[in-house]
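Undergrad:
Numbering (my numbering), first residue to last: 359 to 519.
#1: Find out if the Cβ-Cβ distance for the pair residue 461, residue 403 is shorter than 7 Å.
#2: Helix or strand or just coil, what does DSSP make of residue 472?
#3: Express the C-alpha separation of residue 458 and residue 472 in angstroms, rounding to a whole number.
#4: Which residue from 453, 455, 414, 478 puts its Cα closest to that of residue 464?
#5: Around the C-beta of residue 487, are 16 or more other C-beta atoms found within 10 angstroms, so that it is buried, or is it exposed?
#6: Would you check if the stretch 433-446 and the stretch 392-406 touch, i.e. whether three or more CB-CB distances between them fall below 8 Å?
#7: Can you list the alpha helix (DSSP H) stretches of 4 or more residues lying completely in the stretch 431-469, in chain order?
#8: Is the distance from the Cβ of residue 410 to the Cβ of residue 484 below 7 Å?
#9: Can you give me the Cβ contacts of residue 491 inside the same chain, cut-off strictly under 7 Å, excluding the 5 residues immediately before and after it?
#10: Hey, how far is the Cα of residue 466 from the Cα of residue 453?
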C-alpha cells in the first residue's frame, strides 16, 4: 500500500510545483497579479487542495506503517487494492473539500485588490491551516512515536532471546 500512496503523493507534489512555477513566472513578468479574480481563486483552491493531498497522503502512509508494525498479521490479511484505492479517493475528496470553499466565493470580500492573489478570509486561513497542516502533523508525530516505541520494544525482546 505504501508504494501506491507514495506515488499519488508525488503526483500531488508535482502538480503543486507546476502551479507555483506558473504563478512565479506570471508575477516575475508582470510584478502584480494580472489575471482575473476567478483564476486567482482557482489557483489558491488548487494550491490548498494539492498541498493538503500531499500531507494527507503522508498521514495515510503513516497509518499504514503503524498498522503494519503494531498488527502485522491483521495488516497482511487485510492488505488489498480496494483498500488502497479507497484511501486514495478519501484523501483527494477530503483535500478537495478543504480547498473548494475559495472557489465557491469565500475569497470575495469588499477589500479585495485585483493586483494581489492572496487569501482575504482570515477564518479560512485558520481553518485550512489547522485541517491541512497542524492536525495532520500532530497525527504523524504521534503515530511515528508509537511506531518507534513498538520497534524499540521488539528490538529489546529480540535481544533477550
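Glycine included, C-beta positions come from ideal geometry on N, C-alpha and C.
No experiment lies behind these values; they were computed from the predicted model shown.
TA: Looking at the coordinates:
#1: What you label residue 461 is simply residue 103 of the chain shown in a count that begins at 1. What you label residue 403 is simply residue 45 of the chain shown in a count that begins at 1. Yes, the pair counts as a contact, with Cβ atoms nearer than the cut-off.
#2: The residue given as residue 472 occupies position 114 in the chain shown. DSSP places residue 472 in coil when its eight states are reduced to three.
#3: Taking the chain shown and counting its residues from 1, one reaches residue 472 at position 114. Taking the chain shown and counting its residues from 1, one reaches residue 458 at position 100. When rounded, the distance between both Cα atoms is 20 Å.
#4: Here residue 464 is taken as the residue at index 106 of the chain shown, counted from 1. Taking only the C-alpha atoms, the option nearest residue 464 is 478.
#5: Mapped onto the chain shown, residue 487 falls at position 129. Exposed: under 16 other Cβ atoms inside 10 Å.
#6: no
#7: 439-459
#8: In the chain shown, residue 410 corresponds to position 52, counting from 1. In the chain shown, residue 484 corresponds to position 126, counting from 1. Not closer than 7 Å, so no.
#9: Position 133 of the chain shown, counting from 1, holds the residue named residue 491. Once the five neighbours on either side are set aside, the close Cβ partners of residue 491 are 413.
#10: Counting from one through the chain shown, the residue named residue 466 turns up at place 108. Counting from one through the chain shown, the residue named residue 453 turns up at place 95. Looking at the two C-alpha atoms, the distance is approximately 21 Å.
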